[in-house]
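Enquirer: Heads up: the sequence shown runs through residues 1 to 154, numbered per our numbering. For each residue, glycine too, the CB sits at the ideal point set by N, CA and C. Before I ask anything, here is the structure I am working with.
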Amino acid sequence: MRIYDYTVTRNNGSEESLSVYEGKVLLIVNTATKCGFTPQYEGLEALYEKYNAQGFEILDFPCNQFAFQAPGDDEKINSFCTLRYNTKFPRFQKINVNGSKEDPLYTFLKAQKPGRIKWNFTKFLVGRDGTVLERFSSSVKPEDLASAIETALA
1 MRIYDYTVTR NNGSEESLSV YEGKVLLIVN TATKCGFTPQ YEGLEALYEK YNAQGFEILD
61 FPCNQFAFQA PGDDEKINSF CTLRYNTKFP RFQKINVNGS KEDPLYTFLK AQKPGRIKWN
121 FTKFLVGRDG TVLERFSSSV KPEDLASAIE TALA
């Protein structure tokens, strides 16, 4: 399968095929609203604003698997992110990124760049052709991704 063969659920409950992002550079991130890395939303939004017009998208997948740091329903999470960090990038329903209930998209991502997701704000950079180019740990700040994003957009 290709990344574009997956269907995910938006935070409003609608289904969306990842094929709508074909030809774009993607940054796929598992997030949480009560995490020490939550301020990374600010940096993610800055990247989105800087590169979106060039074909860059951030796909935000809240995850409550790590110390229950994404409490609340999808509406509450979305409100927090838009009001506190003014995020405009697409947000999806809360998912699991590890274990028996792991979302199939994350099974795919981890097959391309192996390893268990260790914490919130793990980031996968996907090229325009759907290839998973790089995986970044939670501690890698969004602003440190600029050169990799620019290379992928070139």
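Reducing DSSP to helix, strand and coil, say where Phe68 ends up.
Expert: Looking at Phe68 - three-state DSSP - the assignment turns out to be coil, as it is neither helix nor strand.
Enquirer: Any contact of the segment 91–109 with the segment 34–54, i.e. 3+ C-beta pairs under 8 Å?
Expert: Taking 8 Å as the limit for Cβ pairs, the verdict is that the segment 34–54 does not touch the segment 91–109.
Enquirer: When the Cα atoms are used, what is the spatial distance from Arg91 to Arg10?
Expert: The alpha-carbon atoms of Arg91 and Arg10 are separated by roughly 6 Å.
Enquirer: Going by the DSSP bridge assignment, what does Asp129 pair with across the sheet?
Expert: None; Asp129 has no bridge partner.
Enquirer: Considering just the uninterrupted stretch of the beta strand (DSSP E) at Ile58, what are its terminal residues?
Expert: From DSSP, the beta strand (DSSP E) with Ile58 extends over Phe56 to Pro62.
Enquirer: First and last residue of the beta strand (DSSP E) that includes Asn30?
Expert: Note, Asn30: beta strand (DSSP E), Val25 to Thr31.
Enquirer: On a CA-only basis, which of Thr7, Gly23 and Gly43 is nearest Ala146? Give me that one, please.
Expert: Nearest option by C-alpha distance: Gly43.
Enquirer: Could you check what DSSP says for Glu102 in three-state terms: helix, strand or coil?
Expert: Strand at Glu102.
Enquirer: What is the residue span of the beta strand (DSSP E) that Glu16 lies within?
Expert: Counting along the chain, the beta strand (DSSP E) containing Glu16 begins and ends at Glu15 to Ser17.
Enquirer: Would Thr122 be called buried (16 or more neighbouring beta carbons within 10 Å of its own) or exposed?
Expert: That one is buried.
Enquirer: Tell whether a beta-carbon distance below 8 Å holds between Tyr155 and Gly130.
Expert: Given that the chain is displayed from residue 1 to residue 154, the structure contains no residue 155 and the question cannot be resolved.
Enquirer: So which of Val25, Lys76, Ser17 and Tyr41 has the shortest CA-CA distance to Leu133?
Expert: Looking at the Cα atoms, Val25 is the closest of the given residues.
Enquirer: Please name the residue, chosen from Phe124, Arg84 and Thr33, that lies closest to Ala67 on a Cα-to-Cα basis.
Expert: Of the candidates Phe124, Arg84 and Thr33, the one whose C-alpha sits nearest the C-alpha of Ala67 is Thr33.
Enquirer: Once the 5 residues before and after Thr7 are set aside, which same chain residues still bring their CB inside 8 Å of it?
Expert: Excluding sequence neighbours, Thr7 sits near Glu15, Glu16, Ser17 and Leu18.
Enquirer: Provide the residue span of the beta strand (DSSP E) that contains Thr9, from first to last.
Expert: Per DSSP, Thr9 belongs to the beta strand (DSSP E) from Thr7 to Thr9.
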